[in-house]
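Q: In UniProt numbering, the protein residues as written are 1 to 186.
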């Protein structure tokens with residue numbers, strides 16, 4: 001049975017698992033808790049993002065849609081707790097909790113990868129409907145530099161996309177995600 005989200009036990013267990021997985025996976029797979037940790041640290045340490053987002057208030061959830069052929073049997077919801085240029089945390093959350101964020105951006109793995117690698121722009125992908133957004137679009141437009149830099153930061157550290165894994169690695173990734181879902185309810 002999963003630890004209940006929103007409890008001290010969930011937070012403590014999640015942080016413990018993230019620390020262990022960061023040590024074991026120096027090049028994290030996108031969508032894992034350790035990837036979220038490295039992304040959050042990268043974003044929080046980025047002076048350009050900090051300046052561009054100095055008036056931003058509100059959490060943002062990035063939803064990576066399921067793609068079973070690469071081990072993503074269900075959507076992954078990555079919530080970023082952002083406040084005045086700081087990234088206070090990045091967590092993989094249960095879908096219901098992550099959907100409560102003031103801003104939710106949903107896209108395919110391929111779209112998020114294209115944004116991360118600079119092949120497309122997050123704002124352009126949103127305007128083209130490749131990324132669906134829930135939230136105050138006018139506020140996002142006012143913070144377009146912050147949005148762009150946030151997307152750029154996903155490419156500033158080494159990571160592996162699930163579609164770059166071998167068949168054996170995909171099965172291991174699938175098993176890891178399943179175990180994490182059972183443990184944390186996401």
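Heads up, the beta-carbon is just placed ideally off N, CA and C, and yes, glycines get one too.
1) Give me the Cα-Cα distance between residue 184 and residue 37, rounded to the nearest whole angstrom.
2) Should the segment 127 to 138 be regarded as contacting the segment 94 to 111, the criterion being three or more beta carbon pairs within less than 8 Å?
3) Please state whether DSSP places residue 66 in a helix, a strand or coil.
4) Given that a residue counts as buried once 16 or more other Cβ atoms are within 10 Å of its Cβ, and exposed if not, what is residue 84?
5) Under 7 Å Cβ to Cβ from residue 150, same chain only, skipping five residues before and after it: list those, please.
6) Tell me the DSSP secondary structure of residue 159 in three-state form.
7) Could you compute how far the alpha carbon of residue 46 sits from the alpha carbon of residue 7?
8) What number of angstroms, rounded off, separates the C-alpha of residue 122 from the C-alpha of residue 148?
9) Who are the Cβ neighbours of residue 33 in its own chain at under 8 Å, not counting the five residues just before and after it?
A: Checking against the coordinates, here is how it stands:
1) Taking the chain shown and counting its residues from 1, the one referred to as residue 184 is at position 184. Taking the chain shown and counting its residues from 1, the one referred to as residue 37 is at position 37. About 16 Å.
2) In the pairwise beta carbon analysis, the segment 127 to 138 is classified as touching the segment 94 to 111: at least three pairs are separated by under 8 Å.
3) Numbered from 1 along the chain shown, position 66 holds the residue referred to as residue 66. Note: residue 66 maps to coil in three-state DSSP.
4) For the purposes of this step, residue 84 is identified with residue 84 of the chain shown, where counting begins at 1. Around the beta carbon of residue 84, fewer than 16 other beta carbons sit within 10 angstroms, so the residue counts as exposed.
5) Locating residue 150 in the chain shown gives position 150, where the first residue counts as 1. Only 43 and 49 meet the Cβ criterion.
6) Within the chain shown, numbered from 1, the residue matching residue 159 stands at position 159. If DSSP states are grouped into helix, strand and coil, residue 159 belongs with coil.
7) Counting from 1 along the chain shown, the entry for residue 46 is found at position 46. Counting from 1 along the chain shown, the entry for residue 7 is found at position 7. Using only the alpha carbons, I get a separation of about 30 Å.
8) The sequence position of residue 122 within the chain shown is 122, counting from 1. The sequence position of residue 148 within the chain shown is 148, counting from 1. Taking the straight line joining both Cα atoms gives about 7 Å.
9) The sequence position of residue 33 within the chain shown is 33, counting from 1. If we look at residue 33 and ignore the five residues flanking it on each side, its Cβ neighbours are 14, 17, 18, 21, 91, 92 and 180.
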